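Have a look at the structure below before the remarks.
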Amino acid sequence: MKRFMKHFAAAAMAAGVACGAMAQEGAPARECGVEYVVVPGDTLGVIARKTLGDERLFDLIHLVNRAAIGPDPNRIEIGQRLRIPCPDDLLAARVQLDEAADGASAAPASDPAADPAADPAAPAADPAAPAADPLPAPALRREVPGAPLLRLVTFDRNPPLSGADLPAGGVLTDLVGAALSVGRPAFGYEVVFVDDPAAMRGPQARADLHFPAVAPDCAAGASLPPAARARCAAELFSDPFFEIRVGYFVGPRSDYRRAKAPADLRGLRLCRPARMPVGDLAARGLTDPEVSLVRGRDLDYCLRALRIGEVDVVSAETVRVNEAAERLGYVNWAVELEPLSQTLPLRAAGPRTARTRRALEALDAGLARLRADGGWFRIVSRHATGAAATN
């Protein structure tokens, strides 16, 4: 757990810098060290923006109020009282939680291949020292003279969509990069590839945009599940730029083979590969606690768990499930619940800031240009041909 110390030291320092900047610009003073009462429309991101001046610090408010909120930062209630931390006590809060969890494995139960806890004999981090970036170094970088440089975060080892070892970083990375390069105004970018879904969002990512993302139907408003409403309040989304077909699969003798609606899956154990977004599940009310959501380290993990009865349902991209089932010899062990299958438009997303808004406007303009001049089709075809050549 000590590997997180430098990150939180840097976040605390960044919060102090942000507060100083606000004071210089005449913005309202930061309200740290006080108690905040949740009001309608609040999310932790909104509260972080109101009180600390940066919605990306929602993670830190969750950190010091975890006993009251629980593990899901989206589950706050109107009237709930939350403590707003000051930069100086953020690191202390991290240390307190680390000590409470001392001896526990850092790997989540659903991912036995996750990194183990850091060596307890490692020297403690110096809060005054510059913090190392907790994410890998950018694997791709394209600068545009005189243009801002965006930080993009996406999944590694997620063929054919994204991956540091794929041509141009995968088809999604190629599309996003090409669109930003021809958008108006153009942006430069660097791409960070990560394995951990949690690393794509939140202050540790320092991402201007992350992808792939699935946007809730934010126009539905109050009819959305709480987790989906929270995303609508906290994030901005691009226009769709790629689509995948996502299915739900059960075993051949499952009692749920006739499921026709998301409500029919409530209370079950549902496995979704870690490198897939879960926005569609949140929009359907298929996240904790309505289902027991297992984030398998990959699709093979989910299918093996289904085969031995550790999960009840697997939800993933239909084409890849069929390919993996054939490769593993599980062809008759993955029965698709066709009434629940859906086509998901994939997007880029980012925190609700002016910089993100400008980046998404440029991205959308670039995507429209690529579609108009045939560039989108050429990029997708090039990756499809490359995939076919390697299979």
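Count the sequence shown with mature numbering (1 follows the signal peptide of the UniProt record, and there is no 0) and you get residues -23 to -1, 1 to 368, in order.
We put the CB at the ideal spot given by N, CA and C, even for glycine.
Remember, predicted model here, so these are calculated numbers, not experimental data.
In the three-state reduction of the DSSP assignment, residue 356 falls in the helix class, which pools H, G and I.
Within the region 183 to 257, complete alpha helix (DSSP H) segments of at least 4 residues are found at 203 to 211, given in chain order.
When C-alpha distances from residue 238 are compared across 302, 258 and 228, the shortest belongs to 258.
If you ignore the 5 residues before and after residue 256, its C-beta comes within less than 8 Å of the C-beta of 190, 191, 192, 193, 205 and 208, all in its own chain and listed in chain order.
The way I'd put it, the region 322 to 338 does touch the region 218 to 226; three or more beta-carbon pairs between them come closer than 8 Å. For residue 343, the enclosing alpha helix (DSSP H) covers residues 331 to 350.
When the Cα atoms are used, residue 159 and residue 148 turn out to be separated by approximately 17 Å. DSSP, read as helix, strand or coil, puts residue 153 in helix. Only residues of its own chain outside the window of five on either side were considered, and among them 225 and 236 have a CB closer than 6 Å to the CB of residue 314, listed in chain order. The alpha-carbon of residue 246 is positioned some 5 Å away from that of residue 269. When only Cα atoms are considered, residue 341 and residue 265 end up about 33 Å apart. Under the three-state reduction of DSSP, residue 285 is assigned to coil, being neither helix nor strand. Residue environment for residue 188: buried (at least 16 other C-beta atoms within 10 angstroms of its C-beta).
By the CB criterion at 8 Å, residue 312 and residue 227 fall inside the cutoff. If you check the CB distance, residue 61 and residue 21 do not come in under 8 Å. Check the Cα spacing between residue 291 and each of 357, 127, 174 and 233: the tightest is with 233. In the three-state scheme derived from DSSP, where H, G and I count as helix and E and B as strand, residue 131 is classed as strand. For residue 24, the secondary structure class from DSSP, reduced to helix, strand or coil, is helix.
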